[in-house]
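J.: Numbering (mature numbering (1 follows the signal peptide of the UniProt record, and there is no 0)) for the sequence shown: -23 to -1, 1 to 148.
We put the CB at the ideal spot given by N, CA and C, even for glycine.
Note that the structure is a prediction, hence the values are computed from the model and not measured.
Sharing a structure with you now.
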Amino acid sequence: MKLAINKILLTSALVMTSLSAFALKDDTNQPINIVSDNQSLDMEKSIVTFTDNVVITQGSILIKANKVIITRPPEGSKQKETVEAFGNPVTFHQMLDDGKPADGKANRVHYDLGKEFLTLTGNAQLKQLDSTIDGDVITYDVNKQQLKASSTAKSRVKTVLIPSQLNEKKK
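This is the structure in structure tokens:
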């Protein structure tokens, strides 16, 4: 039983380390703190669920959600852990190495560790200073550093770029 709990905790640590791929280099060395009103663990399915007022911090990273589910596949499986966060919206904030803040929000956030692929769904937005990308779905491939945004027929992807802010060096 202790080994299974350690595996879940290790999974949580791995997930947060991977999510911080964009953050300050030192963030990945910082402790991961997860606070919620409720937590449940299904050891048979290797699923840990945090609900109600979930706040995750690691260095400059701050994630807030209503519910976060971390799933670890069975041993021997080639699949990797996944993280799903739900909220109205899920929000995240982090500082980049260049000193600029990066913020995002969506109704649902899915992160696949194996593929290092992030999907923001439902009122998705990524923001750096006053520059934003809004869409129904925003995906980011960490390895390829490729971002895609899409929307439904009722709405369109909206991008606002403020070149002077994006090119500004840290003061």
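Could you check which residue in R49, H70, V31 and K92 has the C-alpha nearest to that of L39?
T.: Nearest of R49, H70, V31 and K92 to L39, Cα basis: H70.
J.: Using a 10 Å radius around the Cβ and a threshold of 16 neighbouring Cβ atoms, would you call A101 buried or exposed?
T.: By the neighbour-count rule (16 or more Cβ atoms within 10 Å), A101 is buried.
J.: Can you list, in chain order, the residues of its chain with a C-beta nearer than 6 Å to that of G81? Leave out the 5 residues immediately preceding and following it.
T.: Excluding positions up to five away in sequence, the list reads F69 and L103.
J.: On a CA-only basis, which of G91, L106, Y117 and Q105 is nearest T98? Give me that one, please.
T.: That would be Y117, whose Cα lies nearest to the Cα of T98.
J.: Just reading off the beta strand (DSSP E) that S127 is part of, what are its end residues?
T.: First-last of the beta strand (DSSP E) with S127: Q123 to S127.
J.: Taking the CB atoms as reference points, tell me whether I47 and V12 lie closer together than 7 Å.
T.: The answer is no: Cβ separation not under 7 Å.
J.: What residue does the beta strand (DSSP E) around R85 start on, and which one ends it?
T.: Note, R85: beta strand (DSSP E), P78 to D89.
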